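To convert, count from 1 in the sequence shown and add 86; that's the numbering used here. The structure appears right after this line, and notes come after that.
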Amino acid sequence: MASRAELLEKLNAIRKAYAEKLPAKVQECRTMFATLDGAWNPAVAREIQSRIHRLAGSGGTFGFKLVTTSARAIEQLFDSVADARRDPDAEEWEELERLFAALAQASQQQDADGPRLPEQRTASSSRLPMLPERHVLFLCHDPAKHADWLEEVAPFGFHVACMRDAQSFDQRIALQAPRAVLLDLDCGVFGVDAERMRSIEREAGRPVPLIVLASSVDLRTRLRAVRLGGRYFLNLPVDSLRLADILAATDAEHIDPIRVVVVDDDQVLAAQYGATFENAGMRSTPVHRPDDLIRTLVELHPDVLVMSLTMHEVSGLELAGVVRQHDAFAGLPIVFLSVEASREQQIAALDLGDDFLARPIDGGQLVSVVTARAQRARSMQASLTRDGLTGLLQASSFRKRLEREVLWAARQGSDFALVLLDLDDLRGLNGSHGHLVGDRALQSLARQLKQRLRRTDIMGRCRPRDFGVLMMQADVHKAHELIDGLRERLLAEPFQVGDQALSLSLSAGVASFSRHCEPEALLAAAERALSESKSAGGNRVTVAS
């Protein structure tokens, strides 16, 4: 990812390019307007109005606030003439000439301030030091009653520090910011409320989610949790796998970058939005031609679609209608951007989309809206795509993710590794101890995957017995090293079945995208390598040739 200095340099170049082209764009509008003198042509007037509308939206974004002001005034006067279905009278014509002259002058007056990037919400901007990696504060008077699940969460790499009273919590928070706060609501609130949590997040410079635990699940209890600022709610006794998933999902370093597609035929404006998203740690892809949109969505499967409402060839509403015709994108969040559209347009936009933002748009607001929509969509998607036994991606979802990462790696010229692995002699374990024990063994392997592999790695079920791992930005040598370490660790930690300790071993096959550039070829190569490991007696990792 580009550094903040590099992004500012990029924004300066975008701002300069806009400033250089702006006077010519304004002059084109003035020339077209001059042709209407004495021969008002509604078609030409609509084209002028469309161009002025775009200037009104982009001017303030690039530091030409007076351009936005003058362009809006021209657009409103054109609207009033169009609504009255007549030519402008002498007074209106004189006012339009004055406004066009003001617009030409404004196009030469860029604000002195340079481009700004929204503040990055990262640990580096925090006023409080973070607790060491994956530390969590747990507010509870009696930690002993939670000993079982606390012990189960620890292997996932989370250290839970118990605070028995409000004073201890206050003292700890004053010194260090945790990754998350757990609250046993049965024990009280420890001085925690929504405003307190917001204050903690402001001081930390990043999200610090409150996870509320309670023995009751009735509406009154859940409302109480919401009013305290609880972002998550878990019933006691805690499901340790569910809690580990929540904590991992709220860890900023674990979360995959949000993928945004920006649709705007104004390339300079799209580049401006792209730099803003990149600064926020997102992946941004511009689309300037409507014909390219569906193909781009299929290739990238973005989290959010940001679309200009007004474009030359088609309107944003029309294009959104086409997107919604595809079942795969029926739930894709769409954020529309436009200059003060009518109430009817906004209602139409929200019928097809999820948000409507008026230009010029503050970068911080745009990032916040897109982030909120992406997180909500991902949360809903996760509930539909996770395997109930292991919490990993279902097989069909893992295959789709593999296809998406192949397209992304090809576009970026990067590499990644695919690993297929499974437990040795799972059938024998099921036969001698029953399928419930076999399921527990699969859950144990899933926990080891989540705990031992990198947070950027993507894990899922690939076949009924096999697990798949996409190891991003890793070649086969790095992938072999990591998976072999996992194999050794699994073998060294016996699996408990009652009073009996059983050793689990795994076999794995590793293949690289750089050698096998299609999804099916990559899968076939990893399957061959896994078969070689099995044929050689198991308990080994083989790299595909």
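Glycine residues also receive a C-beta, built at the ideal position from the N, C-alpha and C atoms. Small disclaimer: the values here were computed from a predicted structure and weren't measured.
Are the CB atoms of residue j and residue i within a distance shorter than 8 Å?
i: L443; j: L418; result: no
i: L488; j: L531; result: no
i: R250; j: H227; result: yes
i: A192; j: S136; result: no
i: G315; j: L296; result: yes
i: G149; j: D197; result: yes
i: L638; j: L268; result: In the structure as shown, the chain starts at 87 and stops at 631, and residue 638 therefore has no counterpart that could be examined.
i: L535; j: I544; result: no
i: I569; j: L507; result: yes
i: L512; j: R573; result: no
i: V562; j: A610; result: no
i: G439; j: V425; result: no
Buried or exposed: where does residue i fall if 16 or more other Cβ atoms within 10 Å of its Cβ makes it buried?
i: H566; result: buried
i: G524; result: buried
i: H521; result: exposed
i: G499; result: exposed
i: V627; result: buried
i: I433; result: exposed
i: D84; result: An answer regarding residue 84 cannot be provided, because it is not within the stretch 87 to 631 covered by the chain.
i: Q353; result: exposed
i: L590; result: buried
i: M397; result: buried
i: D437; result: exposed
i: P323; result: exposed
i: S465; result: exposed
i: R158; result: buried
i: E281; result: exposed
i: A630; result: buried
i: R171; result: exposed
i: D123; result: exposed
i: R445; result: buried
According to DSSP, is residue i helix, strand or coil?
i: C115; result: helix
i: T628; result: strand
i: A120; result: helix
i: N516; result: helix
i: S254; result: helix
i: K442; result: Before going on, a small fix: residue 442 reads as Phe here, not Lys. Correct three-state label for F442: strand.
i: M397; result: coil
i: R598; result: Residue identity check: residue 598 is Ser in the sequence provided, not Arg. Correct three-state label for S598: strand.
i: L225; result: strand
i: C548; result: coil
i: N127; result: coil
i: A366; result: coil
i: G42; result: Residue 42 is absent from the model: the chain starts at 87 and stops at 631.
i: R317; result: coil
i: F276; result: coil
i: V349; result: strand
i: H232; result: helix
i: F150; result: coil
i: D270; result: strand
i: I259; result: helix
i: I286; result: helix
i: R638; result: Given a span of 87 to 631 for the chain in the structure shown, any question on residue 638 remains unanswerable.
i: S193; result: coil
Determine the direct distance from the alpha carbon of residue j to that of residue i, and round the result to whole angstroms.
i: P605; j: G546; result: 15 Å
i: L391; j: N365; result: 18 Å
i: S326; j: G291; result: 28 Å
i: E287; j: F255; result: 15 Å
i: P388; j: S483; result: 15 Å
i: R459; j: A435; result: 16 Å
i: E385; j: H412; result: 14 Å
i: Q529; j: E238; result: 12 Å
i: L163; j: D351; result: 25 Å
i: S302; j: R284; result: 26 Å
i: D169; j: P128; result: 12 Å
i: A406; j: E399; result: 14 Å
i: L320; j: L329; result: 8 Å
i: L217; j: G367; result: Confidence is the limiting factor: at L217 the pLDDT is only 45, short of 50, which leaves the residue's position unreliable, though a coordinate-based value still follows. Answer to the nearest angstrom: the Cα atoms are 22 Å apart.
i: T476; j: R526; result: 9 Å
i: C273; j: D441; result: 40 Å
i: R263; j: A247; result: For the record, residue 263 in the displayed sequence is Ala; it is not Arg. Between A263 and A247, the C-alpha separation is close to 12 Å.
i: R371; j: D377; result: Contrary to the premise, residue 371 reads as Thr rather than Arg in this sequence. Cα to Cα, T371 sits roughly 15 Å from D377.
i: L479; j: A468; result: 8 Å
So, does the CB of residue i fall closer than 8 Å to a CB anywhere in chain D?
i: V324; result: Although the question refers to chain D, the structure presented lacks it and comprises just one protein chain.
Practice prompt. May I ask you to verify whether the segment 131-141 touches the segment 89-105, counting CB pairs closer than 8 Å and requiring at least 3?
Written response: no
Practice prompt. Count the CB pairs spanning the segment 485-501 and the segment 586-593 that are closer than 8 Å, and state whether there are at least three.
Written response: no
Discussion item. Across the segment 355-370 and the segment 448-465, are there enough close Cβ pairs to call them in contact, namely three or more that are closer than 8 Å?
Written reply: With a cut-off of 8 Å on Cβ pairs, the segment 355-370 is in contact with the segment 448-465, counting three or more such pairs.
Practice prompt. Could you say if the segment 610-617 and the segment 588-599 meet the contact criterion of at least three C-beta pairs nearer than 8 Å?
Written response: yes
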